[in-house]
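These notes concern the structure reproduced below.
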Amino acid sequence: MISFLNLKKINDSFGDELKAACLRVIDSGWYICGKELVKFEDEFASYCGAKYCIGVANGLDALTLTLRAWKELGYLKSGDEVIVPSNTYIASILAISQTGLVPVLVEPNVSTFNIEADQIELAITAKTKAILVVHLYGRIAQMSSIMEVAKRYSLKVLEDSAQSHGAHIDGKRAGNWGDASGFSFYPGKNLGALGDGGAITTNDAILAQTLKALRNYGSHVKYENIYQGVNSRLDELQAAVLSVKLKTLDLTNQTRNRIASAYLAGIKNELLCLPESGEEGQHVWHLFVIRCVYRSELIAHLKNLGIETLIHYPVPPHKQHAYAELNHLSLPIAEKLHDEVLSIPLDWTLNDEDVSAIIAACNSFKAKEIQ
Ligand SMILES: *Cc1c(COP(=O)(O)O)cnc(C)c1O
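Numbered per our numbering, the sequence shown spans residues 4 to 374.
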């Protein structure tokens, strides 16, 4: 059986380093907002090429708190529109609606799964104040043209980089393009903690300061509250673990890339549509997402051959019960993608035999299996 993701194997590969980091924190007697957090924030900001990094409790909070900070700073107000992809994970949309802002769904390019400047521009109204760009599945969006549109209309840009740690365009990484960027360190992400975690990167000193207060009850100084903040902190244990794992992020991303390249070269089946990799470094392959009109038959075929697959994501946000107000929308590209996408295993601990078996299994899927 080839499982979709083997987190134990991934974390075992760090040997005793993760355990040593945890022991160091346990023995330090300091568990929240200490040295480990500051160290990881510095390391991650510099990895992304950004000036500031603010650790928070998870990726959803990273996005929500940034929008909230822009409200506190007067850039956004309740009812303002935020452009967001129609095919994203629900968290991107939740961040917008939970801040009292209005999500405006824009259809992606079917080949890259990401939204693009032309489509964004068509959706801009007098109420549009921000763009939440998602670098979906690990592929960074076309940020130069998106930033250009944002500048022309004076819009804030928030990157959702939860799936794209390390992706770059000509060396400029996700997390250093927009006005701010939200990251998730959920265990299965390219940089994953041993629990929940998240961070915001930005080059804006005032935003960074505001976020530091918002994540800690709205307070810079203990018992002095300037905002009605929340409790959303990245704890010392997770920060210490992330510092260890950050050191090999580029290496593990390269391994993902090697596996993805093997899939792209080896899978030859006209029933399957393969993803595009983009330019060098643009894709860090958080997921390898293929499309197939006969998805349920394909899932059964791969399962019979011992290969586990997942769907990211089976229901588009505008068809979710939670978003009744969006249910009437017709977004044919998102709907088609949600019907056809299938993620095959792309775990950097897969060995050559696993990769060959997955390629062979994809290639042996035949039209006659389709009822
Ligand atoms: C994982 C993810 C999030 C949310 O991150 P959490 O840490 O689970 O809160 C947001 N956006 C996208 C695109 C994600 O994949």
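C-beta atoms are modelled at their ideal positions from N, C-alpha and C, and glycine is treated no differently.
- In this chain, the alpha helix (DSSP H) harbouring residue 306 covers 298 to 307.
- DSSP places residue 99 in the helix class (H, G or I) of the three-state scheme.
- A straight line joining the alpha-carbon of residue 106 with that of residue 160 spans about 14 Å.
- Here the alpha carbon of residue 248 sits roughly 13 Å from the alpha carbon of residue 10.
- Sorting 57, 228, 131 and 348 by C-alpha distance to the C-alpha of residue 78 places 131 at the top.
- In the DSSP annotation of this structure, the continuous segment of the beta strand (DSSP E) that includes residue 163 starts and ends at 159 to 163.
- Counting along the chain, residue 266 sits inside the alpha helix (DSSP H) bounded by residues 252 to 269.
- In this structure, residue 189 has its CB closer than 6 Å to one or more heavy atoms of ligand 1.
- For residue 166, the Cβ falls inside the 6 Å cut-off from some heavy atom of ligand 1.
- Between residue 59 and residue 65, the CB-CB gap stays under 7 Å.
- Across the structure, residue 119 and residue 112 are spaced so that their CA atoms are roughly 7 Å apart.
- Residue 88 and residue 149 have their C-alpha atoms spaced approximately 13 Å apart.
- Between the segment 188 to 202 and the segment 235 to 249, the count of C-beta pairs closer than 8 Å reaches three or more; the two stretches touch.
- The residues 244, in chain order, have a CB closer than 6 Å to that of residue 197 in the same chain once the five nearest residues on each side in sequence are set aside.
- Classified as exposed, residue 333 has fewer than 16 neighbouring CB atoms from the shown chains inside 10 Å of its CB.
- Distance from the C-beta of residue 137 to the nearest heavy atom of ligand 1 is below 6 Å.
- Within 6 Å of the C-beta of residue 63 there is at least one heavy atom belonging to ligand 1.
- Burial is judged here by how many other beta carbons sit within 10 angstroms of a residue's own beta carbon; residue 33 has fewer than 16 and is exposed.
- Around the beta carbon of residue 155, fewer than 16 other beta carbons lie within 10 angstroms, which makes this residue exposed.
- Residues 305, 308 and 310 of the same chain have their beta carbon placed closer than 6 Å to that of residue 364, with the five preceding and five following residues left out of the count.
- Ranked by how close their Cα comes to the Cα of residue 70, the residues 183, 117 and 157 have 183 in first place.
- Placement of the Cβ of residue 232 at a distance of 6 Å or more from every heavy atom of ligand 1 is found.
- For residue 16, the CB contacts under 8 Å within the same chain, skipping 5 residues up- and downstream, are 352 in chain order.
- The Cβ neighbour count for residue 254, taken over all protein chains shown within 10 Å, is under 16; the residue is labelled exposed.
- For residue 238, the shortest C-beta to heavy atom distance toward ligand 1 is 6 Å or greater.
- By the neighbour-count criterion, in which 16 or more other beta carbons inside 10 Å mark a residue as buried, residue 110 falls on the buried side.
- In this structure, DSSP gives residue 62 a helical state, which the three-state scheme calls helix.
- Around the Cβ of residue 75, a 10 Å sphere holds 16 or more other Cβ atoms; the residue is buried.
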